[in-house]
Amino acid sequence: MIVKIKNQKALWLILPVFVLVAFSSLIPLMTIVNYSIQDIFDVNNAYYVGTDWFREVLADPRLRDSLVRQFGFSASVLLIEIPLGIGVALMMPKSGRLASLCLVVLAVPLLIPWNVVGTIWQIYGRADIGLMGSALTSMGFDYNYASDPVDAWLTVLVMDVWHWTSLVALLCFSGLRAIPAAYYQAAQIDRASGWSVFRYIQLPKLKNVLVIAILLRFMDSFMIYAEPFVLTGGGPGNSTTFLSQTLTKMAIGQFDLGPAAAFSLIYFLIILAVSYVFFTTITQMDKER
Amino acid sequence: MKMKKGYTLGLSLYLVFLLLPVYWLVVMSFKTNEEILGQLTLWPQTFSFDNYVTIFTDPSWYMGYINSMTYVAINVVITLITALPAAYAFSRYNFLGDKHLFFWLLTNKMSPPAIALLPFFQLYSSVGLFDTHIAVALAHCLFSIPLAVWILEGFMSGVPREIDETAYIDGYSFPRFFITIFMPMIRSGIGVTAFFTFMFSWVELLMARTLTSVDAKPIGAIMTRTVGAAGVDWGLLAAAGVLTIIPGCLVVWFVRNHIARGFALGRL
Amino acid sequence: MGWMAWTQNTAIFFCCIALILVVMTLWELKSPSLERKGFLPMETTRGDRLFIGLLSSAYIHLAFLATTQLSLWIALAISVGWLLALLRWG
Amino acid sequence: MAEIKLASLAHSYQTSPSAPEDYAIRQMDHVWEQGGAYALLGPSGCGKSTLLNIISGLLIPSSGHVLFDGKEVNHLSPAERNVAQVFQFPVVYDTMTVYDNLAFPLRNLGKDKATIDKRVREIAAALELDSDLLRKANNLSADDKQKVSMGRGLVRDEVSAILLDEPLTVIDPSLKWKLRRQLKRLHQQFDITMVLVTHDQLEASTFADKIALMYQGQIVQNGTPQELFEQPAHTFVGYFIGSPGMNFIEVSLHDGCACFAGLSVPVEPATYDLAVNLGSSNMKLGIRPEFVRLHEQSQAGALDTLVTNIEDLGSYKIVTVEVAGQPIKARIEEDDWVPTGRVYLSFPLPWLKLYADEYLVKAV
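If you're matching them up, the sequences are chains A, B, C and D in order.
Position 180, counted from 1, in the first sequence is what the numbering used here calls 180; the numbers after and before it change by one each time, with no gaps.
Positions in the second sequence are counted from 1; adding 1000 to them yields the numbering used here.
Positions in the third sequence are counted from 1; adding 2000 to them yields the numbering used here.
Positions in the fourth sequence are counted from 1; adding 3000 to them yields the numbering used here.
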């Protein structure tokens, strides 16, 4: 750890970043706060309504449902992707050409535009023209993500696993590679079983990267939008309508700016609280090291 | 050795799971629409480049790629130029509110763009930037700069501060030290940062779509055009999709040796 | 600025926040705060406690809106009390 | 507990080694007897750690055999060989307490609770770790961590041998001697074969009964510290052991004397005859600085030289003189006469060694 020097002039180095980010972040945020207490269509048609929108939004079952769905989805994503990612990282060769190849293949899904990810699965999952869809149908499953809510939800989940497990795997891979060989040798001499090696050597050393992985995966799954939008459009019913989708529908689809703004703020507060907990955990861990 | 075989099998299965959907997309892009809708074939019966020809000859198609690449490039440049000094400040100095500024930056990476789409639209319209590449690039800075600062800070913390002090004693000015000594030392970190900035800007659609209408419209938004009166033009859609994957693959190939460290954000 | 649809209330709100930040900055410049451990589970500086206080105040207000019909002034009073307590003992 | 024997052992990290340089371990035979304290000494990159890993079973040698008590163990895993190894950097299981760390190898062996507890406490007492038993291993200092990793080796009572791979490198100098003494005591207490790999001759000679000195993948001499000092079997031993190292002068043999630059130094007749019979063109005369005599007055057989440098190293001084362009070092004690300018040099016959092709010519 580098010992930092106290120097207030360093703020000047931050200034460009601050200005750029503040421009795109603070002004819209203030605007949302303004919107959230008015019944507004455009600036000339705005009526002060106080906290009505907040009361309405907090009581709205639609939003509560999508919040519950969102947490359910994010939890499922974490429960599947974290262990799977660790597993993939453990199975990867540690070095050599094969390792490079694995890395590149793993990285591919991460570099596909999110809406194209949706498109890929839209094509892949259709029973008439898609490989997965037709394979499942021919195996006797009644699979149709466009009409069956469970199928749709599962498809979105599998798609997210396909899309993002690589991130976890790559993080874990770099963590595993940083473990000195002596640890494995010592374990061998102590007659540790494969499970003990994982439990007492690999997992503890992966702690740091896993926190980053969980943080990133939670945040990104919490704001998932483009993939289910393309794949299912949030349907059938509302089975795959997550928070961002509800919000976008409200603000742009129905032009309910006031409630949408109130909802945005609540959404933002949730994100803020969760990020703060994660951030504090990470810095606390850095300090312990 | 038995373990290893299981590992290889498991890994291969997973890689197949990763590649099959991509394979399907590529195969479909070479098929004619008749074949796609006719019957399921694992390999194009008649190999057709028509879909690609359509994209490369129609400016309303290929301009989408050019638009996307333009704003991504602008974004990477802006991000690196501003994030480098900021990350240096965070990695080397203590100052008023440093931790809070850092956290505030990160919250921007974490808050969903959907929250502020409309104000975004209005903000950029009001400053006359709507439907320009620079608008999308600036909007993407909202999440690319925090990420870049985070990654670069990790890499910079790995460089001992004695290096800085030695340079100052040797009479280097700050800018000269930063450019001629410090930046070469963290060049893999800079490469990784550029990669991530590229990646997140390239894959983002929601903001890019909101802030553009015609002149700077990204390819992702143009792809919705394949839904015509006669239904979806699947072949064309697949070809357009394939073309969006290629730049990413090229970039990842160049940085493959740094990926592992980069994904840990320099924090190992 | 017109499109931002300012109202008097929000303007006052943001001015208050800005004022708090300015005051805290000046205070910090005059007497820098050290990390200390209060009733919160981790070591915090004055700025950390302010942030935690503001964030939890927002949640207090939301909880009021969601569960009661009472005036928000009560929530505000509770929040200010909580914020001060946090700054002093957190 | 076992005798460790290496029979025509060789190892290369390459798949098809051809030149001798391709081998990390060149073909060798060696025996470590049961219950001894041994050191494996050599400069970095000489193959010490490779050899150690072959013995413990972490590496499988390219050719040759590793025998424990006469039984070939080449293809047994480290666990089956029942050896313990301590590494250069302390390896502890971070998330476990010190107690659990020490108990870990025993639990893996499926011992019952009471045995484990008794044994762990015994070892912890021997290592002075008893007060830390319930602490997380992660929070210990580097030397305590190293003690824990040693303890994990000692805790299995029936281990064949304990192999220590430069375990004191990361330890604070002031604690090194303490830990070394502890090691020595443990060795006596538990009567286990111990092999300590090190590049520090002081560490080796204070710990071991016998030192095996490695150079370029070979053990060039195996003997007591005194033997290594007085009878270096190879020029490298002379150079590596002692400070400063042995003086070497390239010579040719004529008339019972070793000759260089027109000067001649008489050598023992038996050695001389042997050396001449070898017919080597690479002949060196060697003598330790400690045995070089300096005289104020000219003497029969003494060489007439000039002092070029005197290094004061506290309790002793190193005098460098020049003999026909050849620097020769001599060590003199604190209260000895300090020469300046012209000085006469003589070499006591018993300490004068002849080396043919780098190996000692020795009359039996």
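In this text, a Cβ means the ideal position worked out from N, Cα and C, and glycines have one as well.
| field | Buried or exposed (CB count within 10 angstroms, at least 16 for buried), D:H3295 | value | exposed
| message | For a quick check, are the C-beta atoms of D:L3213 and D:V3237 less than 8 Å apart? | response | yes
| said: DSSP three-state label for D:D3312, please. | reply: strand
| query | Does the Cβ of D:P3043 have 16 or more other Cβ atoms within 10 Å, making it buried, or fewer, making it exposed? | reply | exposed
| query | By the 10 Å Cβ neighbour count, where 16 or more other Cβ atoms means buried, how is B:C1141 classified, buried or exposed? | reply | buried
| Length of the line joining the Cα atoms of A:T281 and A:M159 | 30 Å
| request: Indicate the three-state DSSP secondary structure (helix, strand or coil) for B:V1232 in the structure shown. | output: strand
| message | Strictly under 8 Å for the Cβ-Cβ distance: is C:G2053 near chain A by that measure? | response | no
| N- and C-terminal bounds of the alpha helix (DSSP H) containing A:W53 | 52-59
| message | Just list the residues that DSSP pairs D:D3304 with in beta bridges. | response | D:Y3344
| Can you tell me whether D:D3069 is buried or exposed, with buried defined as 16 or more other CB within 10 angstroms of its CB? | exposed
| request: Check the DSSP bridge columns for D:E3322 and list the partner residues they point to. | output: D:L3306, D:P3327
| message | Give me the chain C residues within the contact set of A:A46, using Cβ-Cβ distance strictly less than 7 Å, ordered along the chain. | response | A2005
| field | Within 8 Å, strictly: CB atoms of D:G3151 and D:L3129 | value | yes
| task | Report yes or no: is there a C-beta of chain C within less than 8 Å of the C-beta of B:G1097? | result | yes
| Near-chain A residues of the region 1156-1176 of chain B (beta-carbon distance less than 8 Å), N- to C-terminal order | S1157, P1160, R1161
| Got a sec, what are the start and stop residues for the alpha helix (DSSP H) B:P1112 sits in? | Neither: B:P1112 is in no alpha helix (DSSP H) and is coded neither H nor E.
| Quick one: what does DSSP say A:D39 is sitting in, helix, strand or coil? | strand
| query | Between which two residues does the alpha helix (DSSP H) harbouring B:Y1065 extend? | reply | 1059-1092
| field | Delimiting residues of the beta strand (DSSP E) encompassing D:F3260 | value | 3257-3260
| request: Would you grab the beta carbon distance between B:A1083 and B:L1152 for me? Rounded to a whole angstrom, and I think it's under 8 Å. | output: 6 Å
| Mind pulling the alpha helix (DSSP H) runs of 4 or more residues that sit fully within the region 3164-3243 of chain D? | 3173-3190, 3201-3207, 3225-3230, 3235-3240
| task | Would you kindly work out how many angstroms separate the C-alpha atoms of B:M1207 and A:G253, rounded to a whole number? | result | 16 Å
| What residues match up with D:M3028 in a beta bridge as DSSP calls it? | D:L3009
| query | Mind checking if A:V33 is an interface residue toward chain C, Cβ cutoff 8 Å exclusive? | reply | yes
| request: For chain C, find out if any of its Cβ atoms is closer than 8 Å to the Cβ of A:Y267; answer yes or no. | output: no
| task | Tell me where the beta strand (DSSP E) around C:E2043 begins and ends. | result | Taken as a continuous stretch (DSSP letters only), C:E2043 belongs to no beta strand (DSSP E), as it is neither H nor E.
| Excluding the five sequence neighbours on either side, which residues of its own chain have a C-beta within less than 7 Å of the C-beta of A:Y143, listed in chain order? | A127, G133, L136, T137, D151
| query | Should B:L1037 and A:I129 be called a contact, given that it needs their Cβ atoms to be closer than 8 Å? | reply | yes
| field | Ordered list of beta strand (DSSP E) runs contained in the region 3252-3301 of chain D, each at least 3 residues | value | 3252-3254, 3257-3260, 3263-3266, 3283-3287, 3293-3295
| For the beta strand (DSSP E) that contains D:L3067, what are its first and last residues? | 3063-3068
| task | Quickly, what does DSSP pair D:L3040 with across the bridge? List them, please. | result | D:V3197, D:A3212
| field | Counted within 10 angstroms of its Cβ, other Cβ atoms place A:A10 as buried (16 or more) or exposed | value | buried
| Using Cβ-Cβ distances below 8 Å, what residues of the region 251-277 of chain A are close to chain C? | I266, L269, L272, A273, Y276
| said: What are the residues in the region 2055-2072 of chain C lying within 8 Å of chain A by C-beta distance? | reply: L2055, A2058, Y2059, L2062, L2065, A2066, L2072
| request: Starting from D:N3108, find everything on chain A with Cβ-Cβ shorter than 8 Å and list it in chain order. | output: D190, R191, A192, S193, S196
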